[in-house]
Structures are given as C-alpha cells and as structure tokens.
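Visitor:
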Amino acid sequence: MIKPVRILSKVLRHRKLEDNYYSLTFGDYKAASKCKPGHFIHLKLPESNLYFRRAMSVASADAEKQELEIIFKAIGRGTKQLAQFKKNDPIDILGPLGNCFTKPAKKETVVIIAGGVGYPPLAYFATELVKSGFPAKQIHFFYGGRTSSEIVDRPRIKKLGVNFHPVTDDGSFGEKGLVTQSVEKFIQANDDLKSKLYACGPEPMLKACDDLGMKYKLPGQLSLEAPMPCGIGVCLGCIVKLRDDGYVRVCKDGPVFEIGEVLL
Amino acid sequence: MIKPVRILSKVLRHRKLEDNYYSLTFGDYKAASKCKPGHFIHLKLPESNLYFRRAMSVASADAEKQELEIIFKAIGRGTKQLAQFKKNDPIDILGPLGNCFTKPAKKETVVIIAGGVGYPPLAYFATELVKSGFPAKQIHFFYGGRTSSEIVDRPRIKKLGVNFHPVTDDGSFGEKGLVTQSVEKFIQANDDLKSKLYACGPEPMLKACDDLGMKYKLPGQLSLEAPMPCGIGVCLGCIVKLRDDGYVRVCKDGPVFEIGEVLL
Amino acid sequence: MKPVLSVEIAGVKFNNPIMTASGCSGYGEELADIYPLSILGALVTKTITPEPREGHPPPRTAETDSGMLNAIGLANVGIERFVSEKIPFLKKQTTKIIVNVGGKTIKEYVELCARLNDQDCIDMIELNLGCPNVSEGGMQFGSDPKMTERVLKEAIAVCSIPIIAKLTPNVTDVRVTARAAEQGGASALSLINTLVGMSVDHETWQSRLTFNRGGLSGPAVKPVALAQVDAVYSAVKIPIIGIGGISNYADVIEFLLVGATAVQIGTALFVEPDAPILIMRELSAYMKRKKISHVTDMIGKIRKF
Amino acid sequence: MKPVLSVEIAGVKFNNPIMTASGCSGYGEELADIYPLSILGALVTKTITPEPREGHPPPRTAETDSGMLNAIGLANVGIERFVSEKIPFLKKQTTKIIVNVGGKTIKEYVELCARLNDQDCIDMIELNLGCPNVSEGGMQFGSDPKMTERVLKEAIAVCSIPIIAKLTPNVTDVRVTARAAEQGGASALSLINTLVGMSVDHETWQSRLTFNRGGLSGPAVKPVALAQVDAVYSAVKIPIIGIGGISNYADVIEFLLVGATAVQIGTALFVEPDAPILIMRELSAYMKRKKISHVTDMIGKIRKF
Ligand SMILES: Cc1cc2nc3c(=O)[nH]c(=O)nc-3n(C[C@H](O)[C@H](O)[C@H](O)COP(=O)(O)OP(=O)(O)OC[C@H]3O[C@@H](n4cnc5c(N)ncnc54)[C@H](O)[C@@H]3O)c2cc1C
Ligand SMILES: Cc1cc2nc3c(=O)[nH]c(=O)nc-3n(C[C@H](O)[C@H](O)[C@H](O)COP(=O)(O)OP(=O)(O)OC[C@H]3O[C@@H](n4cnc5c(N)ncnc54)[C@H](O)[C@@H]3O)c2cc1C
Ligand SMILES: Cc1cc2nc3c(=O)[nH]c(=O)nc-3n(C[C@H](O)[C@H](O)[C@H](O)COP(=O)(O)O)c2cc1C
Ligand SMILES: Cc1cc2nc3c(=O)[nH]c(=O)nc-3n(C[C@H](O)[C@H](O)[C@H](O)COP(=O)(O)O)c2cc1C
Ligand code: FES
Ligand code: FES
C-alpha cells in the first residue's frame, strides 16, 4: 500500500500541447520513484476560492531526476489555474495516490484504450511496459478524441513503437468513429489473441469498454474518475458502486478497477 | 466629482525596490489622464479567497502613455499577492477614486510628510507641483521610515530637486528620530514662512501631523487609510469620525481631509 | 429572438430580475456615477429608520474567506432626510425603486410605511425583518413568526405600496417565518439577509468588529441562501427574491432554478460595481444559447435527484 | 521554555487541543499512513450508527467558494463491524479516541453508548445531534432542546465514558440547545456541525447532490462557527470544542479566544491532511513569541470592544 506524502515541488517545464492541452513537469519531486502507472497526484491550487485539490494522473515520472509530468486539458476553473503555472512556480503535491495498473502476462496482447484526458496514465503505462522489455508490437494503443487536435503528444507514442490506432469522431485524424467501435473491430478481427484491455477516459467510453470486456470475456482494467475532495480515502466523497454490492472509493480502492467490478 | 471606471489593464513593469517594497506600472490604462495626486485605485486580486479589492494610491500617472504606477509594501495577504504579479499579467483596476490634494498658493512653503507606505501619493503630488512650475526649492519633503531600506525610490526625489529630509527611527539614513519631530523642528526654525502641510502615513503619524497643524496654526491636508470593502462610497465601511460630528467615508469624502477636520 | 428578461412581482414590472441589495448600493447616487441606474431591474435602498443613525464606530467591516462581515449598524439618514434629500434624486431615475425600512417596534415600521406611502416614486417597500447588527430586540422580528405576521398586517393597513418581507436566515426553519409573512399579506419575500458571524485578530486578540458580532455575506453564504430559497419556494405561493453571494450570471441562474423570481446583488457590488451589467449581458447570451425565451421559464426548474 | 499545549476535558488529558473532526478522518487508518496519530490531541471517528450505512448515491460532495457541501449520508460500517474491525486498530493508537455516534431514536443513541461502554480504548463519545444529511427525523435532535436533554440523560445513565454533545448550527439560538445539553449532563459541547446548503449546476439545471441538500463546511463557515462558540461560551460552564473552517494556527487561536478549549479540523484535512502537524508547530512558535506558557491561557480571552 502506497503512503502518500505532501511535497512542495516546483514547475520545471510548462508546455502547451495541441488545443487546450498542457504538459507540466515538476522538479524536486522526491516521491517520483514511487509513482507507478495508474497512480495520481493531488495538486493544490494557489490561494484561491476554489477549495479542493485537483487530481491528475501521473503521465511520466523520472525517479533519478526526481521529475513528474502531468498532461491535462484546461476545461474548468481548476485546470485553467493549473495552465497558468509558470516555470519555477512552487506547487504543493500530495501523492502518489491510489492503486496502479497490473502488468499483463508475457504472452498477452495489450489493448490500450485512451479517450481524451484519459491518455496520460495509459501513456505512462505503455512507456513503462516497453521499458521493462514488453514487446512494443504486442501493444495496441487506441486513442480517441473528438478531433485531430485532441490526439496530443503523438511523438511520444510514435517513439514507443507501439501499434498506434488514433480514432476521431470527425475522422480528421486516424479512423473515424468512436474509439470503442474501433477496438471492437480489432477484437473481432483478432479473436485468436489473448488480449487484455486497459482503459481510461470519459465515463461512457469506460462503460463501453466494460461491456466489451464482458461481451468478449476479456480481462482488463479501467481507470476511473470522480470528484475527489480528499484523494486519500477519508471523505467518502468519490465513491462508485460495485457490481456486487456497496460502494468503494475511487481514490483509495481505485482509481484502477477490474473490468466487471464496478457499476458504470 | 470624479467618475470611477473599471478597466482591465496589464502589468507593464514590475520593479522590486528596497526591502519589501515594490513598484508596479500598469499599461493600457485609459483613465490615467484623470488620476490626480491623492487619488487611489482599487485593485482586484486574482481569483482568490481574499474577497476585497486592495486600495493603492496613485504614485505616478502618465496621461499620454496611459500608464499608472503604484508603490507598495508586501505586508499582508493581499499585497503579497500583488507582489507576485508579473509583466503582462492582466489586472482589473477600479478608479480613479476619492478626492485629491489641493494645490498650495504660490508663495506657500510646502511641507510634505511621508511615513512608510504613505510615500506614493506625496511623491506624485511633489512631482506634479514641480512639473506645474512650482519652485522645487519651496518644497520640503520629509520622509520617515524605521530604517534606511524603508526610504525607497530616492533617485526620483533627488531628481525632483526638492529639499529632501529623510528621517529614520534608527538613524541609519538621514536624521534619527520620528519624522514628525523633525518637522516640528523645521517649523520652529522657520516660523517666518507661510507653510502648508501635506501628510500621509500611519495613523499615529497622521495624528501627530494633525496636532502640529493645529498647534502652529498651519493649514494642510492629511491622506487617510481605512479598510475599504467597496472604495466607491456605497458600503459605509471605511468611515472616520469628524471633529464636528458624524462619520464620513474615507473612500468617497476623502481620502484627503483638512487638518483639524477629522478625529484621529 | 431577443430573450425576455422582464419579471413581474405584485403587479410591478421589472425590466430584468437583477436588483441591488439593501446596504450595498446606498441611495443610488454613487452607482449612478458608474452606469445609468435604468439598466437595473430595481434599486433597493439602504435600510431607512425613523431617526438618522450614525451606525457603529469603526472597524465595522472585516474580510473573511470568500466573503465579509459587516456591522454597519444601519447607518442611514433617517426617514425625513431620506424624503427630502434622496427621494428627489430617486424620482429622476427610470429604474424601479424599492425602499428598505427597519424599525425597533411594529409602530415604527408602520409609521415608516405610512410616510413612504405619500411618495409617488416608490415601487415597493422591503421590510428588513432581521438585521443582526443592532441590539434592540425589535430588529429580530424575523425570527418570531407571530411578530412577522403582525408587522406585515399593520403595515399593509396603512400603505398601498406592495411590501416585500426580507427574512433572516438565522432561524431553525425559515419556512415558518416565510409562511407567517405570507399570512400577514406580504407581496413577496426576499432572502437571505446576513448570517451571524464573528472574527478575531489572532495577533491582538481583539474582535475585528466594534459590535463584535456582524453579518456574513458574499460567495461564502451562497449555498445557505440557495437552500433557504429552495425550502421557501415549496412552502409559499408568493414570489421570492433570492439574495446571498450572487456574483455572476451562473449564480443568478442557480437562484432562479431553486425558485427565485428575481435576485439582489449585494457584496459582489463592492468588488464589481458593474456586476449587474455583466450579469445581464451573460444571462442574455446564456438564454440565447440555451434557447430560453423568457427568464421566468427557469424559475423553480431545478432537476432534483 | 516549551509552551504547554495540553488541555483537559472532563478529566481526559489531551496532549494538545487539535482533534480531527468526525467524518473527515475516517476511522484513522488512512491518516496513520501519513503521520503517527499520536501527534493528534484526539482522533474523532466518522459517525457510527447501529446498522451499517452505504450513504447516499454519488455525487455526494460539491465544491463551493472557500468550502464544500457534503451529503455523504452517514456512510459507516455500523457499530458491530466498528467494534470488530476498527477498534483493534484504534486500540493500538496512543492518541485519544473519541467515537462519534448517531441514531434515529433516543433508544438507538442509548444502545450505541451502552455498546461502546464495553470497549476500553474509548476516551470520549461524541453524540452527533444534528447531521443535515439524513431524512429520518431523529437526526435533528439538535434543534429540539427537550430531546437534546433527554438523549443525554439517558445515554449517561448507561455509559460511564464522558459524553460530548455535538450541536447543529441550524437553529435560531444555539445557546438554548447548548444549555439543554449541559442540563442533560454533557461533559462538553462541540460545535459547529455543517450549515444546511445547496448547489445547482447552472448548465444542466441539476442539483449537485443526489440528496439535494447538503452540509456546508470549510473556511466559508468559520465566522458563523466563531459567533456560535462565542455565544455558547457565556451561556454554559462546560468546555467547548470549536469546529468550523479551521485551517491554520491563526484559526485555532481565534477559536480559543472566543472560548473553545480544543478544536477539531474537518474539511481542511482534505486539502492538507498534515494540517494538524503544521498547526501544532506554528501554534508553539506563536506561543513562544508571545510568551504564552499554556494554551489554556488563551481560552475566552478575546478583547471585545
Ligand atoms: C484520479 C484522477 C485522475 C485524473 N487525471 C487527469 C489527467 O491526467 N488529466 C486531466 O486533464 N484531467 C485529469 N483528471 C480530471 C481532472 O481532475 C478534472 O478534469 C478536473 O478536476 C476538472 O476540474 P476543473 O477544475 O478544471 O473544472 P471545474 O469546473 O472546477 O470542476 C467542476 C467541478 O467538478 C469537480 N471535480 C473535480 N474533479 C473532478 C472529476 N474528476 N470529475 C468530475 N468533477 C470533478 C470540481 O471539484 C468542481 O467542483 C483526473 C481526475 C481523477 C479523479
Ligand atoms: C486610500 C488608500 C491608499 C493606499 N495606498 C497604499 C499605497 O500606495 N501603498 C501601500 O503599500 N499601501 C497602500 N494602502 C494600504 C493598503 O491598501 C494596505 O496596506 C493593504 O490593503 C494591506 O493589505 P494586505 O492585503 O497586504 O494585508 P491583509 O493582511 O490582507 O490585510 C489585513 C486586513 O486589513 C484589511 N485592509 C485592507 N486595506 C486596509 C487598510 N488600508 N487599512 C487597514 N486594513 C486594511 C484587509 O481587508 C484585511 O482584512 C492604501 C490604503 C488606502 C485605504
Ligand atoms: C455592508 C452591508 C450592509 C448591509 N446593509 C443592509 C441593510 O441596511 N438592510 C438590509 O436589509 N440588508 C443589508 N445588508 C444585507 C444585504 O442586503 C444582503 O441581504 C446580504 O448581504 C446577502 O447578500 P450578498 O451576499 O449578495 O451581500 C447589508 C450587507 C452588507 C454587506
Ligand atoms: C465530508 C464530511 C463528512 C462529515 N461527516 C460527519 C459525520 O459523520 N458526523 C459528524 O458529526 N460530522 C460530520 N461532518 C461535519 C464535521 O465533523 C464538521 O463538524 C464540519 O465539517 C465543520 O468543520 P470543518 O469546516 O472544519 O469541516 C462531516 C463533514 C464533512 C465535510
Ligand atoms: S476523495 Fe475523499 S474518499 Fe476519495
Ligand atoms: S469603502 Fe465602502 S464606503 Fe468607503
């Protein structure tokens, strides 16, 4: 079980990616070595009437350099404030939090399904898999967005050497349609493979992934989101219903759950 | 009567002066031409749990360039946020507000008494006087602070050519003692002059100036401070008691009052 | 199609649902220097009492997180100077005028209403039934349903101008006083007034307000105000004017959705005196975008779970 | 000289006046991963009810300006699982343990207290007399002085552990319920619980909480909490535990000055789970600087005007 620490780190790099997407890299982050794919951090906004911290998945972490990267879309008040952070600004990080993705077996085909801002933890997951010797060609990285500019950080995916399957609603980049439709086609065309699904993205997409997993009897994991007042499991605010019965906390019992485990 | 306007301006220059003092110059400030010495502006802090605007005296204004300068000391939560403003940051200014200093008669000797952050409006006042042809040598600029580093912005005072009388509590710069003591000595030594006092600074200093004015029957003006929720006269929060009777609003009926007018 | 913003309360037509709140816009003169008051749905005056009041000595405001405390103590010019000095200015305005009044006894309220009944530029009277900033018992009418009903009955008997009862939120169940006011004949209710609060300087150990207690307002209290408007909406039939922490168009919509017919902007005017202009503009844009033709189409339309 | 931070309530010695607030620190396990609980004056558990409760469906929290709304709905493991699964962990802690309980009827409160009386690691019991997040009538004991007095009398009859009555702020006069609790035999009072509030999404028109109403907490409510502690301080003789928006050492001092003997940190733990450590450090530094030898020297020492 990971023990969260609160660290005053600072912004090392601020990159504007496509559209409204940003990448922030924090330095002096001593807990970087503990950040595994799936983990998230909880960021304090500057003295502000916004009260909650904001949760951000680890997009990459460098244990040696003590660096940690997040990638986010400036959509609401909190993420717009995050986008304002500048190089050398101090930032208060609580983390790492939550559980992480479990590794696939050697022979399994990894089917990654990223939707929108669900991309960062999966990018980190794929990176670490490849780094650990898992064959890049055994990884299929589906990445869905509304339009071309929502498929961010492409050079990194290309460099990884994984099979890249971009999908956009409007067909402006990659296949046209919903990412889960493309995934289903892939599953149908490759039903001889032993596949494992890893998904993160908007709730409807996660629900579709959950359905896919159950329909095709494929194991896998979903990384969930929920409004998170505390992020450490004490407020009971971020709950999701189990298929069995009762609620679990996304922040502490998740954010990664098995396919079929929760009611979406 | 000045009509306040709310303008989204931006930071043009950010200078750290001595100690904890800062100078911020705002550009694109269309109301600059209306800002007379004594006026103040009301600054909105960035999205913040601090609720009130913060009042700052006009330290200089350039009608042609549409620029306005403030000088402040970062002491509390609001001024510390102001100190964080960077070049090109947008800033929401309500102003100009309040009344202004009235000009001395041609033959009068102007005795300026600035204490700490009371300096900015008086610097602006002296500057405009000299600019309007008033003889610099007829102006005596007393400037008190606890220690040398609290006497900021000296090059400007020197350039003005006024008689500069710095006074510090610890004697580290200029005369040693309280600024009002130095002023009293000056008054006593020059009782043949027709002097007018102009003071801004902490309340005890203003009270001493008020007493001096009445004791030596010298006319003059005091620029007051008070916590200012609205700055435009509607909340009735910033009141000060008249010597006669009743309260007046520092923001709207002041901040400049005649010596002997208010109860300090 | 231009969205219709006008609302009607007790037969009075307001151009839009945005009013200023009592005590936050003086008698209108200062705001009129910034924009024409005609853009407002209505101007609500500072509470007028029978005699002039200086109010409490300073400090009488304090900043708090996302809000403020005030213990102004009902400083005002008194009814006679109000009539002679302020009404002439208000008469010239084309916006609706709501005069807020406060008394120490039922008799005082009644006399104030009778006096205002003579004036011809006053569209509504708002009774301040719960100001936490004066010690005299009378001002807490708002927590006593019997007194609330009586003061309304007696005021209405002497005054043909429609009356709004402004309720205090500092009660166990605001629906009780709301029903009492309705029973008494109020044409509308406005809520909330400020919450009782306090603040201490941890360095000097001194209370930050000379009156010690003060009224909390601003965005901090908005959730409380919304809950009270929501509760009252299902308890009475008369229109409600929502007040409490409203700073932008989204806040206005929240209040409409829980049942307010109009709203008042108080503390936010201190930070953005032109808030009503911005709100009106963004409210119109919102309605266009959402294809809502009339602002009244939102009243009470919250989707509860 | 090291300043003394310890305080005593009903014979129980707390190392310092900083406690966690109920519902904001679970049963202690998660915080124990971040720092040793021994640094706390006391840990206060989530409200325990007779049966396990899932609580309300999500969303059950919402962010507000300088605060938050919650309608968790008293989700908890129930008394039996609490005793079997949580007490063993709590037993191992060297901090003081306060168990917060809630029932729908007086009988339920009494049974909970009786059950806890068997356990030997519980230093105090806190009765949650006013949680706005459950519909069942019983939970609003806190607004009825007679019920408040009775529940305390009956609980004390079966339980030798000293009892704290946690009061609701949603009443007209909190001194009335405070006196009732004192009369009933409470060893101490804690206040405030949350203010009733609401929030609506102006885009979807949907309530932001499935339960619609929720409890407001955080810095936004601090002024209200201070005013209530101040009012109660002069109304009762038993010690008060101050709660409401406390985030830093200055807030703690404000509460001590108006009369609190100890304080609880709630919502602030969500933003800074290690707030108690920082507060303790800065409180000590403050006391050194001000030459205050004992934290109790500040209790009730506000300088009023
Ligand atoms: C475990 C986890 C990991 C995340 N990782 C990323 C990431 O890597 N990149 C990225 O762009 N985004 C990520 N998010 C989502 C991100 O936290 C939200 O997009 C962000 O909080 C939106 O907030 P805002 O302040 O911009 O919008 P606001 O408009 O301020 O938020 C609206 C309201 O929603 C609440 N809220 C906060 N978080 C959430 C949430 N997750 N879902 C719904 N409501 C929320 C806020 O408190 C606020 O009240 C993650 C969320 C979680 C829970
Ligand atoms: C007309 C006027 C002109 C001013 N000009 C200058 C200037 O040119 N340079 C400068 O450095 N300072 C000036 N000040 C003072 C400046 O506004 C305060 O120093 C500043 O507000 C302190 O606030 P803070 O946010 O740093 O401290 P905080 O710690 O946040 O303030 C403490 C509390 O005091 C309140 N407060 C706000 N303003 C004042 C005030 N004036 N007096 C007392 N309490 C206040 C705040 O609201 C807050 O509640 C002026 C004040 C006024 C009224
Ligand atoms: C400085 C100040 C003075 C006020 N004076 C009055 C008053 O005289 N009469 C009154 O009924 N309400 C008065 N109020 C209460 C407001 O009208 C309003 O009900 C309350 O502030 C909540 O709204 P807000 O959060 O928008 O300010 C005053 C509020 C403030 C902040
Ligand atoms: C998420 C959440 C859950 C809470 N649960 C409980 C509870 O179970 N029992 C209780 O007595 N109070 C509960 N409270 C109230 C707090 O204990 C505290 O009284 C209140 O939040 C005010 O303090 P604060 O502003 O420091 O949070 C809860 C508060 C929050 C925010
Ligand atoms: S965010 Fe508080 S329990 Fe998950
Ligand atoms: S600050 Fe509001 S009246 Fe002066």
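Residue numbers (my numbering), protein chains in the order written: chain S, 1415 to 1678; chain G, 1415 to 1678; chain D, 23 to 327; chain L, 23 to 327. Note that the Cβ used here is the ideal one computed from N, Cα and C, for glycine as well.
1. Using a Cβ cut-off of 8 Å, which residues of the stretch 1450-1470 of chain S contact any Cβ in chain L, in chain order?
2. Measuring only from the beta carbon, is G/Met1642 closer than 7 Å to any heavy atom that is part of ligand 6?
3. Assuming D/Arg137 is part of the alpha helix (DSSP H), what are its boundary residues?
4. Closer than 7 Å, Cβ to any Cβ of chain S: which residues of the stretch 71-84 of chain L, in chain order?
5. Closest Cβ-Cβ distance between D/Leu59 and chain G: below 8 Å?
6. Is it true that the CB of S/Leu1496 sits closer than 8 Å to the CB of S/Phe1440?
7. Looking at D/Gly267 and D/Ala249, is the spacing between their C-beta atoms short of 8 Å?
8. My output table needs one value for L/Met161: the three-state DSSP class, helix, strand or coil.
9. Could you check how far apart the C-beta atoms of D/Gly219 and D/Gln115 are, in whole angstroms? I think they sit under 8 Å.
10. Should G/Asn1513 be labelled buried (16 or more other beta-carbon atoms within 10 Å of its own) or exposed?
11. What does the alpha-carbon distance come out to for the pair L/Lys35 and S/Pro1418?
12. Between the stretch 230-249 of chain L and chain D, which residues of the former have a C-beta closer than 9 Å to a C-beta of the latter?
13. Indicate whether at least one CB of chain G lies closer than 8 Å to the CB of D/Ser106.
14. Who are the near neighbours of G/Val1524 in its chain, counting only those whose CB is closer than 8 Å to its CB and skipping five residues on each side?
15. Go through its chain and collect everything with a Cβ distance to L/Leu59's Cβ below 7 Å, but skip five positions before and after it.
16. What are the residues that DSSP puts in a beta bridge with G/Ser1474?
17. Exposed or buried, D/Ser315, counting other C-beta atoms within 10 Å across all chains shown (16 or more means buried)?
18. Flag D/Ser47 as yes if its beta-carbon sits less than 8 Å from any beta-carbon of chain G, otherwise no.
19. Please report whether the beta-carbon of S/Ala1640 lies at a distance below 8 Å from any beta-carbon of chain L.
20. Determine the chain S residues that contact L/Pro295 at a beta-carbon separation under 8 Å, and present them in chain order.
21. What residues in the stretch 265-287 of chain L have a beta carbon less than 8 Å from any beta carbon of chain S?
22. Quick check on this structure: which residue in L/Val29, L/Leu62, L/Ile94 and L/Glu30 has the alpha carbon closest to the alpha carbon of S/Pro1643?
23. Our contact map puts D/Val251 next to D/Gly206 with C-beta atoms below 8 Å; I'd like the distance itself, whole angstroms only.
24. Over the uninterrupted beta strand (DSSP E) stretch that includes D/Ser29, give me the two end residues.
25. Check whether the Cβ atoms of G/Asp1476 and G/Val1425 sit closer than 8 Å, and answer yes or no.
26. Could you pull out every residue in the same chain whose Cβ sits closer than 7 Å to the Cβ of D/Val254, ignoring the five residues on either side in sequence?
27. Could you check what DSSP says for L/Leu291 in three-state terms: helix, strand or coil?
28. Which runs of the beta strand (DSSP E) fall wholly inside the stretch 246-270 of chain L and span at least 3 residues, in chain order?
29. Assuming the contact rule is C-beta atoms closer than 8 Å, G/Leu1656 and G/Val1648 should be a hit. Round their C-beta distance to whole Å, please.
30. Quick one: using the 10 Å Cβ neighbour count with 16 as the cut-off for buried, is L/Lys188 buried or exposed?
31. Is any heavy atom of ligand 6 found at a distance shorter than 7 Å from the C-beta of L/Gly89?
32. Could you please give me the residues that DSSP links to S/Pro1504 through a beta bridge?
33. Are the CB atoms of D/Gly237 and D/Asn92 nearer to each other than 8 Å?
34. For ligand 6, any of its heavy atoms closer than 7 Å to the Cβ of G/Lys1666?
35. Can D/Cys46 be considered in contact with ligand 7, in the sense that its beta carbon sits closer than 7 Å to one or more heavy atoms?
36. Use the C-beta contact count for D/Ser28: other C-beta atoms within 10 angstroms, 16 or more gives buried, fewer gives exposed.
Guide: Reading from the atomic positions:
1. Lys1458, Asn1463, Leu1464, Tyr1465, Phe1466 and Arg1467
2. yes
3. Ile128 to Asn139
4. Glu76, Gly77, Pro80, Pro81, Arg82 and Thr83
5. The beta-carbon of D/Leu59 is placed no less than 8 Å from the nearest beta-carbon of chain G.
6. no
7. Taking 8 Å as the Cβ cut-off, D/Ala249 and D/Gly267 do not qualify as a contacting pair.
8. Confidence is the limiting factor: at L/Met161 the pLDDT is only 49, short of 50, which leaves the residue's position unreliable, though a coordinate-based value still follows. L/Met161 falls in the helix class under three-state DSSP.
9. The Cβ separation is near 33 Å, so there is no contact.
10. buried
11. 30 Å
12. Those would be Leu231, Thr232, Phe233, Asn234, Arg235, Gly236, Leu238, Gly240, Pro241, Ala242, Val243, Lys244, Pro245, Val246, Ala247, Leu248 and Ala249, in chain order.
13. no
14. Pro1518, Ala1540, Leu1543, Phe1548, Gln1552, Ile1553, His1554, Ser1609, Lys1610 and Tyr1612
15. Gly50, Leu53, Leu65, Gln115 and Thr117
16. Answer is G/Glu1483, bridged to G/Ser1474.
17. exposed
18. yes
19. yes
20. Pro1418, Arg1420, Leu1508, Cys1644, Ile1646 and Val1648
21. Residues: none.
22. L/Ile94
23. Not really, about 19 Å apart at Cβ, beyond 8 Å.
24. The sequence as given places Val at residue 29 of chain D; Ser does not occur at that position. That run of the beta strand (DSSP E) goes Val29 to Ile31.
25. no
26. Shown here for D/Val254: same chain residues with a beta carbon closer than 7 Å to its own, the five before and five after excluded, namely Val196, Arg197, Ala200, Leu211, Leu213 and Ile262 in chain order.
27. helix
28. 262-265
29. Contact between G/Leu1656 and G/Val1648 does not hold, since their C-beta atoms are separated by about 20 Å, which reaches or exceeds 8 Å.
30. buried
31. No; taking the cut-off as 7 Å, the Cβ of L/Gly89 has no heavy atom of ligand 6 nearer than that.
32. S/Lys1424
33. yes
34. The closest heavy atom of ligand 6 lies less than 7 Å from the beta carbon of G/Lys1666.
35. By its list of ligands, the structure shown excludes ligand 7, since it contains just ligand 1, ligand 2, ligand 3, ligand 4, ligand 5 and ligand 6.
36. exposed
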